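The sequence shown runs -20 to -1, 1 to 227 under mature numbering (1 follows the signal peptide of the UniProt record, and there is no 0).
Glycine included, every Cβ here is placed at the ideal spot set by N, Cα and C.
The structure displayed is predicted, hence computed values, not measured ones.
Here's the structure we're looking at; comments come further down.
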Amino acid sequence: MRIAPLSFGLMLALSTPVLADPVIFAAASLKTALDEIATDFTAESGVKPLISYDGSGALAKQILADAPADMFISAATDWMDQVEKAEYILPGTREDFLGNTLVLISDKADPVEIADLPEKLGSEHIAMGLLDSVPAGQYGKAALTHLGLWDKIEPQVAQAQNVRAALALVASGEAPYGIVYKTDAAAEPKVHVVATFPEGSYPAITYPIALLKAGPDAEGAKAFYDYLTTPKATALLEQQGFEILKK
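Put into structure tokens, the structure is as follows:
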């Protein structure tokens, strides 16, 4: 007789005690995919991750100020480096999790040559994440600098709290263009990808993940950490446009 494989939720229920709801700090660009994954995880395990989304820099600063979080998923390695250097990471749990691509978006579908962006902007603004703390903003500045466009565009940059806030400025028509990740553009039907920044014009976009030492629910966080690499979760992330780095 063939025995059906156990589901993730059943395996979790059989192998662990009742878990509390873990607190997850995650880059804002993960919201669409991670909310859906968390819903599936809760349905299977009964554990509900409490996810706080923001720019990676803002989240890292909260962790360094002893915010009670169990896991951190950053959209850039440098913010995770700072958290690790301060010894907030549970040893052996940091891994490169996801990759992404930087794109130019508009509320109109007309393709744009990135070299023509200053002319296209005219006197209007381009939405970007905060340049000093939001990875998407930092990657965008790096790309524009590499392409020789930053000095022309800098005065017209409208800085947003995080990449999803920059996305919202374009979706609402408040800014005609914005720089976000490919996955953000896929999550918002009111915007269009009008150009993709060339590979090599900005540092490789890497999302590191790690469990944190001082979190209130290490076991629940570890269960969710493991769930993120299940076939169901990785398939959803790939559907959203992420590259899977942690198998």
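Nearest to residue i by CA position, among the options, is which residue?
i      : options                        : result
Ser36  : Leu208, Ile185, Phe204         : Ile185
Gly102 : Val137, Leu110, Leu78          : Val137
Trp130 : Gly200, Met51, Tyr182, Val174  : Tyr182
Lys88  : Ile189, Pro169, Phe204         : Pro169
Ala116 : Tyr187, Pro71, Arg74           : Tyr187
Val69  : Thr214, Leu191, Tyr207         : One point to set straight first is that residue 69 is Ile, not Val, in the sequence displayed. Checking every option, the nearest Cα to that of Ile69 belongs to Leu191.
Thr73  : Asp1, Phe204, Gly221           : Phe204
Ala123 : Lys100, Ala146, Leu84          : Leu84
Ile43  : Asp58, Phe5, Thr19, Ala56      : Phe5
Glu64  : Gly221, Asp34, Lys41, Leu216   : Lys41
Leu14  : Lys226, His126, Ile224, Leu208 : Leu208
Specify, as a first and last residue, the run of the alpha helix (DSSP H) that residue i falls within.
i      : result
Phe222 : No alpha helix (DSSP H) contains Phe222, which DSSP labels as neither H nor E.
Ser36  : 36 to 44
Thr25  : Sequence check: residue 25 is Ser here, not Thr. Start and end: 11 to 25.
Val160 : Element bounds for Val160: not the alpha helix (DSSP H) but the beta strand (DSSP E), 157 to 161.
Gly200 : 198 to 207
Ile133 : 130 to 133
Ala107 : Premise fails: Ala107 lies in the beta strand (DSSP E), 106 to 109, not in any alpha helix (DSSP H).
Lys226 : Segment: none, Lys226 is in no alpha helix (DSSP H) and carries neither H nor E.
Lys65  : 57 to 65
Val92  : Unbroken run through Val92: none, as it is neither H nor E.
Pro98  : 97 to 101
The beta strand (DSSP E) spanning residue i covers which residue range?
i       : result
Gln139  : 137 to 140
Asp76   : 75 to 79
Pro115  : Not the beta strand (DSSP E): Pro115 falls in the alpha helix (DSSP H), residues 115 to 126.
Thr176  : 172 to 176
Val83   : 82 to 86
Tyr187  : 186 to 191
Gly(-1) : Note that residue -1 corresponds to Ala in the displayed sequence, not to Gly. First-last for Ala(-1): undefined, no H or E at that position.
Ile53   : 51 to 53
Pop quiz: residue i and residue j are said to be a contact at Cβ under 8 Å. What is the actual Cβ separation, rounded to whole angstroms?
i      : j      : result
Leu155 : His105 : With the sequence shown as reference, residue 155 is identified as Ala, and Leu is not the correct amino acid for it. Right, the Cβ-Cβ distance comes to about 5 Å (below 8 Å), so this counts as a contact.
Val143 : Ser9   : 5 Å
Pro91  : Val3   : The pair is not a contact, with the Cβ atoms about 42 Å apart (cut-off 8 Å).
- Query: Counting pairs of Cβ atoms below 8 Å between the segment 25 to 40 and the segment 162 to 179, do you hit three or more?
  - Reply: With the cut-off at 8 Å, the segment 25 to 40 and the segment 162 to 179 do not touch.
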